[in-house]
């Protein structure tokens with residue numbers, strides 16, 4: 142990976158996917174900043190306390206990185222803020238909760254992209270990677286949730302579908318500035334879900350297993366690297382074949 146000395150910000154770098162992303166990027170000699178509200182031990186990776194739902198906090202993040210490093214080469218929009226009632230069945234979702242989750246997730250990505258471009262455009266370079274999902278591409282298979290208390294939150298599909306098309310919009314808009322914008326759509330990631338869910342999921346996916354953070358990090362790194370210099374507006378699906386059937 143051609144990532145050496147690139148200045149890359151990963152939002153929610155302390156999370157399930159984010160921790161592996163930051164580790165992998167550092168392994169390939171990038172200078173990585175974990176922008177999160179939680180500072181977990183991330184192998185000495187730089188941490189900046191950041192709430193992506195706060196415009197002031199996002200502004201402070203970018204200003205701090207510029208003051209310390211002089212530029213921003215990459216941004217991964219990986220944060221996943223949501224309300225306490227996230228995960229209700231469709232008929233039980235309050236409209237206020239729906240609106241709030243759209244604001245927390247989709248609108249925060251809009252703002253981080255808008256602001257980071259203030260620093261990337263003058264440099265005529267940069268790569269943004271948005272983390273989407275297979276459920277921004279296809280409808281959920283509710284059979285995998287049978288015999289569990291789990292479901293697929295309705296807002297998730299709307300947010301991730303919107304994010305995929307927003308990525309294409311940005312790629313078209315920022316091409317003249319030599320800034321690339323892509324997204325990665327993971328399939329189901331193992332996170333100690335109920336055994337029945339894991340069994341149901343693995344029966345359907347062609348590769349017969351759930352994904353891991355280690356499956357996702359290399360895809361993100363590739364889109365941040367110079368090796369993907371002619372790729373923009375792309376949705377890289379990493380799902381074990383889920384969307385192929």
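Residue numbers (the numbering used here): 142 to 386. Ideal Cβ positions, reconstructed from N, Cα and C, are used throughout, including at glycine. All values derive from a computational prediction rather than experimental measurement.
Does the structure place the region 246–255 close enough to the region 224–234 that three or more beta carbon pairs sit under 8 angstroms? no
request  = Name the one or two DSSP bridge partners that residue 377 has.
outcome  = 325
Worksheet entry | Nearest residue (CA-CA) to residue 299, options 283, 159, 278 | 278
Exercise. The alpha helix (DSSP H) with residue 215 in it runs from where to where?
Worked result: Residue 215 -> not in any alpha helix (DSSP H); beta strand (DSSP E) instead, spanning 215–218.
Answer yes if the region 348–359 comes into contact with the region 251–269, meaning at least three C-beta pairs across the two stretches below 8 angstroms, and no otherwise.
no
Do residue 157 and residue 332 come within 7 angstroms of each other at the CB atom, strictly closer than that value?
yes
For residue 171, which residues from the same chain have a beta carbon less than 6 angstroms from its beta carbon, with the 5 sequence-adjacent residues on both sides left out? 144, 147, 149
Tell me, please, whether the region 323–332 touches the region 296–313 by the rule of three or more beta-carbon pairs shorter than 8 angstroms. yes
As assigned by DSSP and simplified to three states, the class of residue 248: helix
query = For the 8 angstroms Cβ check, are there 3 or more pairs between the region 235–244 and the region 344–357?
reply = no
(request) Note down the Cα distance separating residue 275 from residue 219, rounded to an integer number of angstroms. (result) 15 angstroms
Rounded to the nearest angstrom, how far is the Cβ of residue 152 from that of residue 191, given a contact under 8 angstroms?
7 angstroms
Buried versus exposed, by CB contacts within 10 Å (16 or more), residue 175 = buried
Pairwise C-alpha distance: residue 142 and residue 368: 7 angstroms
Practice task
Give the C-beta separation of residue 189 and residue 163 to the nearest angstrom, bearing in mind that I take them to be a contact with Cβ-Cβ under 8 angstroms.
Solution key: With 8 angstroms as the limit, residue 189 and residue 163 do not qualify as a contact, their Cβ atoms being about 12 angstroms apart.
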